[in-house]
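Chemist:
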Amino acid sequence: MYEVGISAQFEAAHRLEGNFGPATRMHGHTYRIEAIVTGNHLHADGTLFDITRLQDAVNAIVADLHYRDLSTVEGLQHMNTTAENVARYCWERIAPAVRGVGLQTLTVRIWENPQAFASYSAALER
315 MYEVGISAQF EAAHRLEGNF GPATRMHGHT YRIEAIVTGN HLHADGTLFD ITRLQDAVNA
375 IVADLHYRDL STVEGLQHMN TTAENVARYC WERIAPAVRG VGLQTLTVRI WENPQAFASY
435 SAALER
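The following block contains the structure:
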């Protein structure tokens, strides 16, 4: 199986609901987002996917989230803005750009710091 990916970063603030200690207070992260697609077959030009399309989809999300309070972002307003939920939100925004071209999966990783990430991965409908 082949995979290609894009990474980018954005600055955002959030606060967690529940038993998260000091993370229940407003705080910020330099988030890193990674979007990875997989597939079994390369195109005739030797590529799995036009990486520019993936980069454009990631850049659109970064532009929307950069310097935002995540709890004010449409689609994240009524949920706990854990890295897991942010990863799923980003997956749902990226998936339309990578569907229907023979790819198998899309994985989105959200890094809150260099040592900790959460991800969401799912099959892409063909």
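Under my numbering, the first residue of the sequence shown carries the number 315, and numbering increases by one thereafter. Think of the CB as a built atom: it goes at the ideal place given N, C-alpha and C, for glycine as much as any other residue. Here the structure is a predicted model, which means the values were calculated and not measured.
1. At the level of alpha carbons, what is the spacing between Leu-379 and Phe-324?
2. Between Ser-385 and the rest of its own chain, which residues show a CB-CB distance below 8 Å, the 5 nearest in sequence each way excluded?
3. If we count the other Cβ atoms within 10 Å of its Cβ and call it buried at 16 or more, is Ile-365 buried or exposed?
4. By Cβ distance below 8 Å, which residues in the same chain neighbour Ala-411 in space, the five residues on each side in sequence not counted?
5. For Thr-352, which residues of its own chain have a beta-carbon under 6 Å away from its beta-carbon, when the five flanking residues on both sides are left out?
Modeler: Looking at the atomic coordinates:
1. About 7 Å.
2. Same-chain partners within the cutoff: His-328, Arg-329, Gln-391, Thr-395.
3. Ile-365 is exposed by the Cβ-count criterion.
4. Beyond the five residues adjoining it in sequence on each side, Ala-411 comes within less than 8 Å, by CB distance, of Arg-367, Leu-368, Asp-370, Ala-371 in the same chain, given in chain order.
5. Contacts found: Met-315, Glu-317, Gln-418, Thr-419.
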